[in-house]
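Take the sequence shown: its position 60, counting from 1, is numbered 60 in the UniProt record's numbering, and each next residue is one higher.
Where a beta carbon is used, it is the ideal one built from N, C-alpha and C, also for glycine.
From a predicted model like this one, the values you see are computed outputs, not experimental measurements.
So the structure is just underneath, and the comments pick up after that.
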Amino acid sequence: MADYRMLTEVKDYAQAQFIVDGLSDAGFPVEHTRIIGTDLETVEDVRGRKTIAGAAGQGALSGLWFGFFLGLMFWILLPGLNVLAAFGWPILFGVLFGAIWGAVAHWATGGVRDFSSTHALRAQRYEVQVRAEFLAQANQVMSAHGIRPPSQTTSY
């Protein structure tokens with residue numbers, strides 16, 4: 001296993017990426033570099049309330065896409081079929097079935113987790129590490145080319 005040493009530590013991933021990109025632009029062999037995120041945390045951003053109507057709408061949209069795909073297959077495989085017959089019925093049934101399925105699936109949860117959210121894994125800080133035998137060269141390249149992370153940090 002390779003021996004890596006810390007080149008620098010920054011507060012967000014964009015800064016770490018900026019440093020590695022700068023090293024790459026300066027000709028440093030970045031295949032000997034890695035970015036390590038430490039002090040991980042999970043963040044769940046609640047986006048809104050889920051309702052039966054919303055679930056039915058999402059199901060209908062999924063059904064629409066499935067119906068469109070099915071119609072496309074009919075249209076390609078059955079060349080004599082007119083466009084309305086090929087797409088109309090599959091889309092109609094897809095929307096209806098999708099809406100019913102979405103509403104029933106939401107109702108079946110019994111009100112457990114009645115909200116939508118996004119989930120992210122984030123690090124508190126990032127280390128840019130370089131293999132030990134390339135550390136001096138990386139420091140020299142950073143100094144010679146003025147590679148420093150931008151002071152702006154990303155807020156979540």
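Annotation: the continuous alpha helix (DSSP H) that includes Val-95 extends over 83 to 108. In the three-state reduction of the DSSP assignment, Met-6 falls in the strand class.
Gly-98 is not a Cβ neighbour of Phe-74, given a cutoff of 9 Å. Within the UniProt domain "General stress protein 17M-like" (7 to 75), the runs of beta strand (DSSP E) at least 3 residues long that lie entirely inside it are, in chain order, 33 to 49. For Leu-121, the enclosing beta strand (DSSP E) begins and ends at 115 to 131. In this structure, Lys-50 keeps its C-beta atom at 9 Å or more from the C-beta atom of Phe-93. For Glu-133, the closest C-alpha among the options Gln-17, Phe-28, Glu-9 is that of Phe-28. Val-141 sits in a helix when the DSSP states are folded into three classes.
Contact holds between the stretch 98 to 110 and the stretch 42 to 56, because three or more Cβ pairs, one in each stretch, are under 8 Å apart. Judged by their CB atoms, Asp-39 and Arg-125 are nearer to each other than the 9 Å cut-off. Burial check for Leu-78: the Cβ neighbour count within 10 Å stays below 16, so the residue is exposed. Here Leu-135 carries a helix assignment [DSSP, helix/strand/coil].
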